[in-house]
Each structure stands twice: as C-alpha cells, then as structure tokens.
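Read the structure below first, then the notes.
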Amino acid sequence: MSLSAALPSSVHAPLPVLGREVLVPLVTGGEVPYAALDYAASAPALQRVWDDVAAYAPYYGSVHRGAGHLSQLSTDLFEQSRATVAEFLGCRPGDQVVFTRSTTDSLNLLAAAVPAGTNVFVFETEHHASLLPWRNAEVTYLGAPRTPGEAVATLRRALAAGVADGPALVCVTGASNVTGEIWPVRELAAAAHAHGARIVLDAAQLAPHHPVDIADLDVDWVAFSGHKLYAPFGSGVLAGRADWLTEAEPYLAGGGASRRVARRTDGGVDVDWHTTVARHEAGSPNVIGAYAIASACRALTEAGFDRLVEREQALLARVRAGLAQVPEVKVLSLFGDDAPRVGVVSFVVEGWNSSNFAAALSAEYGIGVRDGLFCAHPLVRTLLGAGGGEPGECGAPEAAPGDPALNAIRVSFGVGTPDEHVERFVDAVRELVAEGAKWRYRTEGGRCVPERDRG
Ligand code: PLP
-13 MSLSAALPSS
-3 VHAPLPVLGR
7 EVLVPLVTGG
17 EVPYAALDYA
27 ASAPALQRVW
37 DDVAAYAPYY
47 GSVHRGAGHL
57 SQLSTDLFEQ
67 SRATVAEFLG
77 CRPGDQVVFT
87 RSTTDSLNLL
97 AAAVPAGTNV
107 FVFETEHHAS
117 LLPWRNAEVT
127 YLGAPRTPGE
137 AVATLRRALA
147 AGVADGPALV
157 CVTGASNVTG
167 EIWPVRELAA
177 AAHAHGARIV
187 LDAAQLAPHH
197 PVDIADLDVD
207 WVAFSGHKLY
217 APFGSGVLAG
227 RADWLTEAEP
237 YLAGGGASRR
247 VARRTDGGVD
257 VDWHTTVARH
267 EAGSPNVIGA
277 YAIASACRAL
287 TEAGFDRLVE
297 REQALLARVR
307 AGLAQVPEVK
317 VLSLFGDDAP
327 RVGVVSFVVE
337 GWNSSNFAAA
347 LSAEYGIGVR
357 DGLFCAHPLV
367 RTLLGAGGGE
377 PGECGAPEAA
387 PGDPALNAIR
397 VSFGVGTPDE
407 HVERFVDAVR
417 ELVAEGAKWR
427 YRTEGGRCVP
437 ERDRG
C-alpha cells in the first residue's frame, strides 16, 4: 500500500513549496526531481510565502519614518506581521515580538540582555546556537539526559544547587536538530519557574513541525528562524517577556533604536533609547523577511497544523520503519524509540563513511541530506560514542570495524515533502547498503564528491 493510501482521508497532500519541479543530474546519467530532505537546515519556501512576497514587492517601501504612501503601507504590514507572529505563538499581553536575523541572532540578543550576574543552565546536548551565546553569564552545562524525565530531574537538581538569589535562565530546545526528539518543555518550564528561573525555548526545529504556544508551554521567550519555517528571507524572531529586553542596552546601537540624540555641552552625546521593541531593532528592518514569516504562520495555521503534523508523523514512521529494516543502519537517539519526535532522523551506516553515503545519495539518487555533526558536536559525539577525531578521507571506511563513526547522516522533511521523496530515500539506503555505491568518490575541499569517471 502506498504511503498516501495508508493515511487517513483527513490528511492533506503536501503543501506546495518552491523547487518541487527542479531536476538534478545523476552521476550515472539522466535527471531526477530533486528530493530536498534537509529541511532541518533550511526548508524550501512555501509557494504561498513566495506569492505573498511577490504580491507585496511592488508596494515595498521604507518603514517607520517615511512620509510617503508606500512607506506607511509597509509600516502597517511590518507591524501587522508582528501581530500575526504574536498570535501564531500564542503570546501573552505585554510580550514583545522582536524581528531578528535568525534563531542564533535571537539567542545572542537575549544573551546580551540578561541582567548582570545571571546564572544560565543549558544542556550540553543543545545546538551551538543555544550552547554558546552566554558569554556574559555564569553557565552551568548539564549532562546528556537519557530520558525526558531525567532531563527534568537533572534541571531541578542543578537549579536547586545553583540558583542563589540572582536571576537565572534555562535555555532548552523544543526538538533536537539531531534526533528530532521533542523535549519536555512544559515540565522544564515548571521546574525553572519553581526555582525562580526563567526559560527560553529554542524552537528552531519545533516551530516548523509543531504548534508552539508560549503561554500554554509557560516559557518566557521563544526563538525561531524564518528559513526553517518555509520563509527564507533572512528573518528570525525572539518573542516573550518585555522586562529584561526593555532594561537591557540596545542589542545594536543606531537609528531606529534611539528616540532622541543630542550633543552635550561637554562634547559627548546623550541618547534616549526606545523602550519598545524598536530598542533592539536598530537599523532598517528586514520588512520582506518579517512579512514572509507572517505569511508562513498564516499558511500553516490555515492548512490546519494538526493535520500537517499527522501527515509528517506518517512520513516519519515510514522513514524509521525503512531504516529499521536495514541492520547496518543505526539511528541516533537520546530518549529511545518511543520518544515523540519531529521529521528529523540522524543515523550511521556500518562500514560506511557518512560523507560518502550522503554524497552517493545525492549523486546517484538526487536526494539532498546532510552529513557531519550538525552544529551540535557534543551531542553527536555522545550519541556516536566517539572522541574528537576527524572523519577519514571519503571513500575509505570511516572507522575500523567496531570503532565508533566520526560523523553522521541526517534526513529531515516537513510540510512540503511528497511521499515519493521518502520512498526514494528508503529504497536508496537499502540499495546502497546491499549493493554498494555505483561510483567512486574522493575528498575535495573537505567535501566528498564523485570522481570524474566511474573508476
Ligand atoms: N537551534 C536549533 C535547534 C537549530 O537546529 C538551529 C539550526 O540548525 C539553530 C538553533 C540555529 O538556527 P539559525 O542557523 O537559523 O540561526
């Protein structure tokens, strides 16, 4: 039975995305439609987002201070986009929605805004965007939990031991960009608040796959990126409590963040900074990016997010079942088979160099996945049981038999993924493992690429 036939009739077809008709060459000859299975890095743009942006583009103008008609229209659209995102995230009255460049930018903004002396608690399993920005805080890195319950217990213990009187912040991912596993955010938020700490949710991987409700989860801030939410126009979001943001120095100093600037008689400059979101949006904002995010939020909501989740879960079940039939494949997991997860699966293949495997999926099957450590080095190394070695030359087995692999392969998908891409991926993995690559590969510029001839 085909995957579509196995789905309940309530489940939609994939949402139309750009690139669905792009053909890519195969090293073995001919062309196939590109199977974009690297959504966790950047998802294709929704057609709807592209169309909305194209319809708005002729009316584009400078925002906020422009006196002209199109400036005022663009200002309205920019502020309406903020309101749409606030609604999409279930923001509370008084929450701010700051437009940033990305999740990384959002978390760096928050890191710059935490009060002096803040204790930050972060699991070592996080993406580097969550792990690294806390340069002005006291950071406690928490070890990798092996169950969601252990994550909550670990955090509780650390907070009990580590929060003195000062401010504290927990930073946690909603869904892992490595395992796809969903973290117990509500429980972690309750633990944080019970100890007087605040919590920021890195929703880079959760928001594109799952409704995120800031009030319902009871998190203080949410960060996500437009380009993972089908809106690749260089925008991101930090949404949540206004107080720390309003009390902090502006993230960027410049026009837009300043209300009034005057020379002092002693030769210096006095600045009166805005206390609204404008405080952290200095410079000309990315209006198209903000509008694109709002368009994606509307598209997901109108399509019925629950039904999109249901369809993605069917794709995920197909991928996991397909991989489980290949004994040489080991899927990476922190929380085990039963953990709820989004459409992100990382794995290694016994006897294969992961980069070589990913290159063969691309060159011989037209499938785009990712290989490496996925900007979550400590987590992937823990899951592989590997030290810090460098992956071997492409073409040679990555590790001696019995030794851990040094990097992994990640397949990820979402609302635009047709069944055929997932079926092609599962068949390709089976065939590559059973029959080997049809081509030879070499390392060039740090990437694994096909040799010029079959060899
Ligand atoms: N957090 C997670 C969980 C991610 O997967 C990523 C990107 O892969 C980021 C943060 C950083 O997102 P961006 O590169 O858009 O800033």
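Here my numbering is used: position 78 in the sequence shown is 64, and no number is missing along the way. The C-beta atom is built at its ideal place from N, Cα and C for all residues, glycine as well.
Residue i - partner residues in DSSP beta bridges
i: Asp151; result: In the DSSP output, where bridge partners are listed per residue, Asp151 has none listed.
i: Gln82; result: Gly226
i: Ala394; result: Gly358
i: Ser348; result: In the DSSP output, where bridge partners are listed per residue, Ser348 has none listed.
i: Val208; result: Leu187, Ala225
i: Asp24; result: Ser398
i: Glu444; result: Here the chain covers residues -13 to 441 and nothing more, so residue 444 does not appear.
i: Arg172; result: DSSP, once it has assigned bridges, lists no residue as partnering Arg172.
i: Ile353; result: Ala21
i: Leu9; result: Pro19
i: Pro436; result: Tyr427
i: Leu32; result: Val3
i: Ala161; result: Ile168
i: Val156; result: Phe107, Ile185
Proximity below 9 Å, CB of residue i to CB of residue j
i: Val401; j: Pro194; result: yes
i: Thr90; j: Gly222; result: yes
i: Glu112; j: Gly129; result: no
i: Leu95; j: Val83; result: no
i: Ile395; j: Val334; result: yes
i: Val108; j: Val158; result: yes
i: Val366; j: Ser332; result: yes
i: Cys283; j: Leu215; result: yes
i: Ala248; j: Arg265; result: no
i: Gly76; j: Ala190; result: no
i: Leu238; j: Ala285; result: no
i: Ala161; j: Val186; result: no
i: Arg121; j: Ala144; result: no
i: Asp188; j: Ser116; result: yes
i: Glu288; j: Trp259; result: no
i: Arg31; j: Ala217; result: Position check: residue 31 holds Ala in this sequence, whereas Arg was assumed. Contact: yes.
i: Leu9; j: Pro19; result: yes
i: Ala27; j: Arg327; result: no
i: Val317; j: Val419; result: no
i: Pro134; j: Phe321; result: yes
i: His363; j: His114; result: yes
i: Trp465; j: Ala99; result: Only positions -13 to 441 of the chain appear in the structure, and residue 465 is not among them; the question remains open.
Cβ shell of residue i (< 6 Å), same chain only, five flanking positions each side left out
i: Ser442; result: What the structure shows of the chain is the stretch from -13 to 441, and residue 442 is not part of that stretch, so it cannot be assessed.
i: Ser(-12); result: Confidence is the limiting factor: at Ser(-12) the pLDDT is only 47, short of 50, which leaves the residue's position unreliable, though a coordinate-based value still follows. Correct list: empty, nothing qualifies.
i: Ser67; result: Ala276, Tyr277, Ala280
i: Gly371; result: Pro390
i: Tyr442; result: Since the first residue of the chain shown is -13 and the last is 441, residue 442 is not available in this structure.
i: Arg184; result: Leu155, Asp206
i: Cys434; result: Ser341, Asn342, Ala345, Cys380, Tyr427
i: Leu63; result: Tyr277
i: Pro11; result: Glu17
i: Leu59; result: Tyr45
i: Ser270; result: none
i: Arg6; result: none
i: Pro436; result: Val13, Ala349, Trp425, Tyr427
i: Val315; result: Leu309, Phe333, Val335
i: Gly152; result: Gly103
i: His179; result: none
i: Glu124; result: Asn105
Close beta carbons around residue i, own chain, < 7 Å, minus the five adjacent residues each side
i: Ile353; result: Ala21, Leu23, Leu347, Arg410, Phe411, Ala414
i: Val138; result: Pro170, Glu173, Leu174, Ala177
i: Ser(-10); result: Caution is warranted here: a pLDDT of 48 is assigned to Ser(-10), below 50, making its placement in the model unreliable, and the coordinate value is therefore given only provisionally. Result list for Ser(-10): Asp405, in chain order.
i: Phe74; result: Cys283, Thr287
i: Val257; result: Ser244, Val247
i: Phe291; result: Pro197
i: Gly80; result: Ala228
Same chain, Cβ closer than 8 Å to residue i, neighbours up to 5 away in sequence not counted
i: Ser319; result: Thr165, Glu167, Ala325, Leu369
i: Ser(-5); result: At Ser(-5) the pLDDT is 46, less than 50, meaning the model places this residue with poor confidence; the figure from the coordinates comes in the next sentence. Correct list: empty, nothing qualifies.
i: Arg416; result: Gly308, Gln311, Val312
Residue i beta carbon near the ligand NAP (any heavy atom closer than 8 Å)
i: Asn163; result: For the structure depicted, the ligand NAP is absent and the ligand set comprises only the ligand PLP.
- Which runs of the alpha helix (DSSP H) spanning at least 4 residues fall entirely within the stretch 71 to 146, listed in chain order? The alpha helix (DSSP H) runs lying completely inside the stretch 71 to 146 and spanning 4 residues or more are 89 to 99, 114 to 117, given in chain order.
- Considering only residues of the stretch 276 to 341, which uninterrupted alpha helix (DSSP H) runs meet the minimum length of 4 residues and lie entirely inside it, listed in chain order? Counting whole runs of 4 or more residues, the stretch 276 to 341 contains the alpha helix (DSSP H) stretches 291 to 310.
Note to self: Threshold first: 4 residues or longer. Then list the alpha helix (DSSP H) segments lying entirely within the stretch 225 to 268, N to C.
What the structure shows: Restricting attention to alpha helix (DSSP H) runs no shorter than 4 residues, the stretch 225 to 268 encloses them at 229 to 233, ordered along the chain.
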